[in-house]
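Undergrad: Please read through the structure below; I'll follow up with questions.
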Ligand SMILES: Cc1ncc(COP(=O)(O)O)c(C=O)c1O
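In this note's numbering, the protein residues as written are -15 to 438.
Rendered as structure tokens:
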């Protein structure tokens, strides 16, 4: 058994080329939090290439990848459908900033897939999508306060970084207070944000109480920090927002095309007014989109006359690379594959359910506080001692520390899982991959137990 204090040296010995790159990166490239692995100082691996469910680092080590780019890679790494589409597309120019057929085709595909979508606008990330959607919601309703949920993640613009997973935990558990996540965000931004708690009646009452100020209520239908089935609560949100004339927005950056082709809104059969997208829809390229009903998007839809748009102060939200032909064609190729192969969702969901169930049962039988919690083809390993009933349980210290140890051991044994993030399956994962994930997890959790970490 490798003891935890020997683990970093043991892994370090396997990755000399990565270590050299890390030293160069520390000198010139990085903030300490640009992407997940850099949060932790030791044993950062640098990827050389990836295919299907596997990645290889610059030292030639192979890993089973359970990170999947933080969610976009639903068909695995470098799937033929996107490689073919992109190889063809790239020869015809990589960006135009001029109208092109591919953005129309993609918009049509998305309006077909997404129940609430009558109109779509493209951008380049989930952050941009939620930023644009907030602006649209405010302009459409003429109100400025937005409601978001404690621990919800909506990217890194100022409004998203209030009570996100970074800083959550302020105020009472059922009526959280808005607080900024980091320096650089004006404190008075909190005056325009109402923070709510998941799955609780008090949130519904607070929406009623603030109805005259609220433009929009924003929620991930399956929150990455609280990935439980909230069907009833989402339905209550739909009812209270309709009753109060407030827009309801689903942030489907992860759940879109992941919970099924129609995303969270199809899974729960609830129609929001607005929805935001990113990740999968870009086919592995940077992408984002806002979709919604024509009424909810009315403040953004052009009249066709520049002077009239200016007069009406229509929302201005554009981007040099928005709707660029490479992203549109890569994304459309993936969406078309998913539309034409609905069985792939069933297979991914079944494989994920098998892995979760296998591990959860084994952990229970062995007295280890490990619980894989999630929906469809993604989940979080919850390693806390208390039952996971409130979002704040996921901030538990024991869980956080164990999670970091677990992911470092997993990587040492050839399974790449992100620290403190969601684990994803893809259509490229097969039964052997699922077994490798489960067996390696068991081995690691036992090693941790032997060192009294549980
Ligand atoms: C639900 C949700 N919204 C927004 C974002 C931000 O997307 P991006 O990282 O593309 O800016 C993320 C990213 O993980 C997300 O999970």
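Using N, Cα and C, we set each Cβ at its ideal position, and we do this for glycine too.
1. In this structure, how does DSSP classify residue 285 when only helix, strand and coil are distinguished?
2. Hey, which unbroken runs of the beta strand (DSSP E) at 3 residues or more fall wholly within the region 145 to 190?
3. Can you name the residues that DSSP bridges to residue 276?
4. Name the two residues that bound the continuous beta strand (DSSP E) containing residue 33.
5. For ligand 1, any of its heavy atoms closer than 8 angstroms to the Cβ of residue 109?
6. The alpha helix (DSSP H) that contains residue 11, what's its start and end?
7. For the alpha helix (DSSP H) containing residue 433, name the first residue and the last one.
8. Assign residue 166 to one of two classes, buried (16 or more other C-beta atoms within 10 Å of its C-beta) or exposed (fewer than that).
9. With DSSP run on the structure shown, which of helix, strand or coil describes residue 200?
10. Under 8 angstroms by Cβ, that's how I've got residue 232 and residue 216 pegged, so tell me the actual separation to the nearest angstrom.
11. From this set, 379, 285, 404, which residue's C-alpha is nearest residue 390's C-alpha?
12. Compute the minimum distance between the beta carbon of residue 237 and the heavy atoms of ligand 1, and state whether it is under 8 angstroms.
13. For ligand 1, I want to know if residue 174 counts as a neighbour, meaning its beta carbon is within less than 8 angstroms of at least one of the ligand's heavy atoms.
14. Use the C-beta contact count for residue 75: other C-beta atoms within 10 angstroms, 16 or more gives buried, fewer gives exposed.
15. Are the region 171 to 183 and the region 295 to 314 touching by the rule of at least three beta carbon pairs closer than 8 angstroms?
16. Touching or not, the region 260 to 270 and the region 236 to 246, by the rule of three or more beta carbon pairs under 8 angstroms?
17. Nearest by alpha-carbon distance to residue 368: which of 385, 361, 358 is it?
18. If I follow the unbroken beta strand (DSSP E) through residue 293, where does it start and stop?
19. From the DSSP output, in three-state form, read off residue 63 for me.
20. Kindly indicate which three-state DSSP category residue 344 falls into: helix, strand or coil?
21. So who's on the other strand from residue 39, going by DSSP bridges?
22. Helix, strand or coil: which one does DSSP assign to residue 399?
23. So the alpha helix (DSSP H) residue 227 belongs to, where does it begin and stop?
24. In the DSSP assignment, find the alpha helix (DSSP H) that holds residue 309 and state where it starts and stops.
25. Tell me whether the region 98 to 117 and the region 128 to 147 touch, counting them as touching only if at least three CB pairs, one residue from each stretch, are closer than 8 angstroms.
26. In the DSSP assignment, the beta strand (DSSP E) including residue 233 goes from what residue to what residue?
27. Within the present structure, is the beta-carbon of residue 140 separated from the nearest heavy atom of ligand 1 by less than 8 angstroms?
28. Grab me the residues of residue 79's own chain with a C-beta within less than 8 angstroms of its C-beta, minus the 5 sequence neighbours each way, in chain order.
29. I want to check one thing, is the minimum distance from the CB of residue 314 to the heavy atoms of ligand 1 below 8 angstroms?
30. For residue 50 and residue 161, I'd like the C-alpha separation in whole angstroms.
31. Taking its Cβ as the centre, do 16 or more other Cβ atoms sit within 10 Å of residue 179, making it buried, or is it exposed?
32. With a 10 Å radius around its C-beta and 16 neighbouring C-beta atoms as the bar for buried, classify residue 274 as buried or exposed.
33. Tell me whether residue 242 is buried or exposed, calling it buried when 16 or more other Cβ atoms sit within 10 Å of its Cβ.
34. Alpha carbons only, please: which of 397, 401, 376, -5 is nearest the one belonging to residue 388?
35. Does the beta carbon of residue 134 fall short of 8 angstroms from some heavy atom of ligand 1?
TA: For this structure:
1. coil
2. 177 to 180
3. 103, 258
4. 31 to 35
5. yes
6. 0 to 12
7. 415 to 434
8. exposed
9. strand
10. Their Cβ separation, rounded to whole angstroms, is 15 angstroms, which puts residue 232 and residue 216 out of contact at 8 angstroms.
11. 404
12. yes
13. no
14. exposed
15. no
16. yes
17. 385
18. Segment 290 to 295 is the alpha helix (DSSP H) holding residue 293; no beta strand (DSSP E) there.
19. coil
20. helix
21. 34, 47
22. strand
23. 215 to 228
24. 309 to 324
25. yes
26. 231 to 235
27. yes
28. 304, 305, 308, 309, 310
29. no
30. 34 angstroms
31. buried
32. buried
33. buried
34. 401
35. no
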